Amino acid sequence: MEMSAWVLVDKGVKYDATRTLKTSLKQLQINPAIWEDLARNRPAWRRKVKTGAAIYEANRITATKTKRVARKSPAPRHKTANAQALPTCPRCQCTFRARIGLVGHLRMQ
Numbered sequence: 066m067e068m069s070a071w072v073l074v075d076k077g078v079k080y081d082a083t084r085t086l087k088t089s090l091k092q093l094q095i096n097p098a099i100w101e102d103l104a105r106n107r108p109a110w111r112r113k114v115k116t117g118a119a120i121y122e123a124n125r126i127t128a129t130k131t132k133r134v135a136r137k138s139p140a141p142r143h144k145t146a147n148a149q150a151l152p153t154c155p156r157c158q159c160t161f162r163a164r165i166g167l168v169g170h171l172r173m174q
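Just add 65 to the spot in the sequence shown (first one is 1) and you have the working numbering.
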């Protein structure tokens, strides 16, 4: 690899690390523009990270519970008036859940 290619790779790695850092800071509700100043004051930094992490975890757990309730709730019932009748064999009056079942049934007879 040429030197210019290595520089591009290094810039990409640096960009990914910066993007990851900014994403994490935003999740902890820390302003990415002033995080270095905040990090110099160790007690304030720890307090900010702890509260940000607690808020993030609470929001994450709430979102997870909401998704789980939506996933586990019974499916909404459809109006039976708009539902189509199940396919029925004209010869033997067998009902099928899908049209392809009726097609296969008629081929066999």
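Virtual Cβ for every residue (Gly too), placed ideally from N, Cα, C.
In this text the structure is predicted, and so the values were computed from the model without any measurement.
Residues sharing a beta bridge with residue i, DSSP
i, result
"Thr153", "Thr160"
Heavy atom of the ligand FMN within 6 Å of residue i beta-carbon
i, result
"Ala140", "Here there are no bound small molecules, and the ligand FMN is not part of this structure."
Contact belief for residue i with residue j at Cβ below 8 Å, rounded distance in angstroms
i, j, result
"Cys154", "Leu167", "6 Å"
"Pro97", "Lys87", "5 Å"
Could you give the uninterrupted runs of the alpha helix (DSSP H) lying entirely in the region 75 to 128, keeping only those of 4 residues or more?
-> 100 to 105
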